[in-house]
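Take the sequence shown: its letter number 24 is residue 24 in the working numbering, and every next letter is one higher.
Think of the CB as a built atom: it goes at the ideal place given N, C-alpha and C, for glycine as much as any other residue.
Everything below concerns the one structure shown next.
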Amino acid sequence: MGGAERKHVFNAGPGALPRAVLEEVQRDLVDWQGRGLSIMEMSHRSSTYEAIIAEARQTIADLYALPADWDVLFLQGGASLQFAMVPMNLGSGGAYLNTGTWSTNALAEARRVGAAVELWSSAERGFDRVPGPDEVPATPDDAPYLHYTSNNTIYGTQYHHVPQSRAPLVCDMSSDFLSRPVDVAPYQLIYAGAQKNAGPSGVTIVLGPKALLHAYTGAASVPVILRYATHAKKDSMYNTPNTFGIYVVGLVAKWVRDAGGLAAMAARNAAKAEALYGALDAHPLVRGHAEPASRSQMNVTFRLETEDQEAAFLRLATARGMMGLKGHRSVGGLRASIYNAVEPASVDALVALLADFKG
Ligand SMILES: Cc1ncc(COP(=O)(O)O)c(C=O)c1O
Numbered sequence: 001m002g003g004a005e006r007k008h009v010f011n012a013g014p015g016a017l018p019r020a021v022l023e024e025v026q027r028d029l030v031d032w033q034g035r036g037l038s039i040m041e042m043s044h045r046s047s048t049y050e051a052i053i054a055e056a057r058q059t060i061a062d063l064y065a066l067p068a069d070w071d072v073l074f075l076q077g078g079a080s081l082q083f084a085m086v087p088m089n090l091g092s093g094g095a096y097l098n099t100g101t102w103s104t105n106a107l108a109e110a111r112r113v114g115a116a117v118e119l120w121s122s123a124e125r126g127f128d129r130v131p132g133p134d135e136v137p138a139t140p141d142d143a144p145y146l147h148y149t150s151n152n153t154i155y156g157t158q159y160h161h162v163p164q165s166r167a168p169l170v171c172d173m174s175s176d177f178l179s180r181p182v183d184v185a186p187y188q189l190i191y192a193g194a195q196k197n198a199g200p201s202g203v204t205i206v207l208g209p210k211a212l213l214h215a216y217t218g219a220a221s222v223p224v225i226l227r228y229a230t231h232a233k234k235d236s237m238y239n240t241p242n243t244f245g246i247y248v249v250g251l252v253a254k255w256v257r258d259a260g261g262l263a264a265m266a267a268r269n270a271a272k273a274e275a276l277y278g279a280l281d282a283h284p285l286v287r288g289h290a291e292p293a294s295r296s297q298m299n300v301t302f303r304l305e306t307e308d309q310e311a312a313f314l315r316l317a318t319a320r321g322m323m324g325l326k327g328h329r330s331v332g333g334l335r336a337s338i339y340n341a342v343e344p345a346s347v348d349a350l351v352a353l354l355a356d357f358k359g
C-alpha cells in the first residue's frame with residue numbers, strides 16, 4: 001500500500017476496514033478491472049454497476065441466510081434517517097428500549113412523527129447496561145414494533161439475547177452489523193449505517209420482508225423519498241445511490257464470507273473481546289463502564305483513576321501507533337472499538353500497552 005506504517009485503528013466510526021479490501025479498492029480505483037474507467041465514474045444504470053450492487057445485496061442476504069421473501073436496501077442519510085423513516089413507514093405508537101444516545105435519538109424522532117412509548121431505559125444509570133431477558137415490560141398491544149439498539153457504540157453495551165416482544169422487532173444494528181449471526185425471524189426491520197463493520201460512511205443497509213418494504217401504507221404527506229417502497233421497487237436506485245460506498249460494502253461482505261461468514265466473525269470478535277476485557281479486569285487502575293453481562297464485543301469502554309492518567313495513556317498509545325482510543329465526548333474516558341476488521345494483533349498491542357501502563 002505504501003505510505004506511512006499502518007496504524008492500529010480503534011476508531012468508533014468510520015472504523016477500521018479490512019486491509020485486503022482497501023488494497024483491492026486501491027487497485028480498482030482508477031481503472032476498474034481493466035475497463036478503462038473508475039468505479040466512481042460508472043453510471044449506476046450501467047449493467048456493470050447493476051451487477052456490482054446485485055452482488056453486494058446477494059452477499060449480505062447469503063451471510064444472514066435471509067428468507068427469499070426478504071430484501072436488502074442500500075439507502076443514504078445514515079442510521080439517523082432511519083430513526084425518522086421507521087415511524088413514518090411502520091406507523092406511530094412504536095415501543096422503544098432506551099439504552100443510549102442513539103436509542104434516545106430514535107425515540108425522539110418517532111415522537112415527532114406520532115406517539116411512541118419508552119418501554120425501558122437505563123438513562124439514570126448512565127446507560128451502563130441493556131435490559132436482561134426478563135426485564136422488558138410487555139409491548140403494548142397496539143405497538144406496531146419494538147425498537148432497540150443491539151450495540152450501544154458510545155457506552156459499550158450490547159445485547160447478548162433477543163428482547164422478547166409481542167410486536168415484531170426493529171433493530172438499529174449500526175455498530176454490530178456483520179459481526180455475528182442473527183436469526184431474522186422475529187424482526188421486521190434491521191438497519192445499519194455501514195461505517196463501523198460494513199464499509200465507508202454514506203451507505204445505510206436496511207433488511208426487511210418484501211411485504212413490508214415494497215408496500216407503503218403510511219400517510220400521504222410523507223415525501224416519496226422517505227418511503228421504503230420507493231427505494232425497494234427501484235432496487236435501491238430510485239435516485240443516484242452512493243455507488244462507491246455500496247461497492248466497498250460488497251467487498252467487505254465478501255471479505256466476511258471468505259473469512260468463514262458471520263459465525264467465524266463472531267468467534268474472532270469474542271476472542272478479541274475476551275483478551276481485552278481480561279487485561280482490563282486485571283489492571284489495578286481500570287474501571288469498566290458497562291456492567292459485565294452487558295459488555296460489548298465491539299466497543300470497549302473504560303476509565304482510569306484520573307483524567308491525567310487517561311491523557312498519559314492516550315499519549316503512550318499514540319506513540320505506539322494506536323489511534324481512536326479517546327472516549328466519546330459525551331461520556332469521556334477511553335474506548336477501544338474492535339470491529340471485525342481490527343486484527344487480533346492490534347488488540348494484542350493494546351493488551352501489551354495496558355500491561356506496561358503503571359499510571
Ligand atoms: C448505534 C448507532 N446508531 C446510529 C448512529 C448514527 O449513525 P449515522 O451517523 O449513520 O446517522 C450511530 C453512529 O455512530 C450508532 O453508533
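In DSSP terms, what residue i is bridged to
{"i": "Thr204", "result": "Leu75 and Gly193"}
{"i": "Met323", "result": "Val9"}
{"i": "Trp70", "result": "Pro209"}
{"i": "Ala95", "result": "Val117 and Leu146"}
{"i": "Thr301", "result": "Arg335"}
{"i": "Arg287", "result": "Arg303"}
{"i": "Gln158", "result": "Asn151"}
{"i": "Asp172", "result": "Thr149 and Tyr191"}
{"i": "Arg295", "result": "Thr157"}
Candidates the options, of which the one nearest residue i by Cα
{"i": "Asn267", "options": "Thr217, Arg180 and Arg335", "result": "According to the sequence shown, residue 267 is Ala rather than Asn. Per the Cα distances, Arg180."}
{"i": "Glu109", "options": "Val86, Leu37 and Asn242", "result": "Val86"}
{"i": "Ser346", "options": "Pro186, Tyr187 and Met323", "result": "Met323"}
{"i": "Pro131", "options": "Val351, Glu291 and Leu325", "result": "Glu291"}
{"i": "Glu55", "options": "Ile225, Val72 and Leu353", "result": "Val72"}
{"i": "Ala263", "options": "Pro14, Pro284, Val182 and Leu226", "result": "Val182"}
{"i": "Gly13", "options": "Arg257, Asp176, Tyr159 and Ala259", "result": "Asp176"}
{"i": "Ser201", "options": "Lys210, Tyr247 and Ala293", "result": "Tyr247"}
{"i": "Ile205", "options": "His214, Leu212, Gln195 and Ala211", "result": "Gln195"}
{"i": "Val21", "options": "Arg287, Ala232, Asn197 and Ser150", "result": "Asn197"}
{"i": "Asp69", "options": "Glu274, Pro241, Lys234 and Leu213", "result": "Leu213"}
{"i": "Ala311", "options": "Gly333, Gln297 and Ser294", "result": "Gly333"}
{"i": "His289", "options": "Trp255, Ser122, Arg257 and Thr48", "result": "Ser122"}
{"i": "Leu207", "options": "Ser236, Pro344 and Lys272", "result": "Ser236"}
{"i": "Ala215", "options": "Ala273, Val117 and Arg227", "result": "Arg227"}
{"i": "His160", "options": "Phe302, Val351, Gln297 and Ala51", "result": "Gln297"}
{"i": "Gly77", "options": "Val203, Leu316 and Pro186", "result": "Val203"}
{"i": "Gly114", "options": "Met88, Glu50, Arg35 and Thr301", "result": "Met88"}
{"i": "Ala211", "options": "Tyr191, Ala116 and Ala232", "result": "Ala232"}
{"i": "Lys254", "options": "Ala317, Met40, Arg57 and Asp356", "result": "Arg57"}
{"i": "Val351", "options": "Gly36, Ala271, Val256 and Thr230", "result": "Ala271"}
{"i": "Ala293", "options": "Arg166, Thr157, Val286 and Ala355", "result": "Thr157"}
{"i": "Pro344", "options": "Ala275, Gly126 and Phe302", "result": "Ala275"}
{"i": "Glu50", "options": "Asp356, Arg287, Gln309 and Lys234", "result": "Lys234"}
{"i": "Asn380", "options": "Trp32, Met40 and Arg295", "result": "This structure cannot settle anything about residue 380, because the visible part of the chain is limited to 1 through 359."}
Under 9 Å between C-beta atoms of residue i and residue j
{"i": "Gln252", "j": "Pro18", "result": "The question names Gln, yet the displayed sequence has Val at residue 252. Yes; because the gap between Cβ atoms is below 9 Å, this pair is in contact."}
{"i": "Gly359", "j": "Glu305", "result": "yes"}
{"i": "Asn340", "j": "Thr153", "result": "no"}
{"i": "Glu319", "j": "Gly193", "result": "Sequence inspection shows Ala at residue 319; the Glu mentioned does not correspond to that position. Against a cut-off of 9 Å, the Cβ pair of Gly193 and Ala319 comes out as no contact."}
{"i": "Val25", "j": "Val342", "result": "no"}
{"i": "Ser38", "j": "Val30", "result": "yes"}
{"i": "Asp128", "j": "Tyr96", "result": "no"}
{"i": "Asn242", "j": "Phe74", "result": "yes"}
{"i": "Pro168", "j": "Pro186", "result": "yes"}
{"i": "Arg315", "j": "Gly327", "result": "no"}
{"i": "Val117", "j": "Ala84", "result": "no"}
{"i": "Ile190", "j": "Val222", "result": "no"}
{"i": "Lys7", "j": "Gly199", "result": "no"}
{"i": "Arg27", "j": "Thr48", "result": "no"}
{"i": "Gln82", "j": "Asp172", "result": "yes"}
Rounded distance between the beta-carbons of residue j and residue i, thought under 8 Å
{"i": "Leu178", "j": "Leu353", "result": "Between Leu353 and Leu178 the Cβ distance is about 27 Å, and since that is not below 8 Å, they are no contact."}
{"i": "Thr59", "j": "Gly250", "result": "6 Å"}
{"i": "Gly15", "j": "Ser337", "result": "6 Å"}
{"i": "Gln188", "j": "Pro209", "result": "6 Å"}
{"i": "Ala259", "j": "Met265", "result": "7 Å"}
{"i": "Thr217", "j": "Val224", "result": "That pair is no contact at about 14 Å."}
{"i": "Gln309", "j": "Leu285", "result": "6 Å"}
{"i": "Phe313", "j": "Phe357", "result": "6 Å"}
C-beta neighbour in chain B for residue i, strict 9 Å
{"i": "Gly332", "result": "Given the protein chain composition of this structure (a single chain), no chain B is represented."}
Is the number of C-beta pairs between the stretch 132–145 and the stretch 98–114 that are closer than 8 Å three or more?
-> no
Do the stretch 109–120 and the stretch 86–96 meet, that is, are 3 or more Cβ pairs less than 8 Å apart?
-> yes
Count the C-beta pairs between the stretch 269–289 and the stretch 142–149 that are closer than 8 Å, then say yes if the count reaches three, no if not.
-> no
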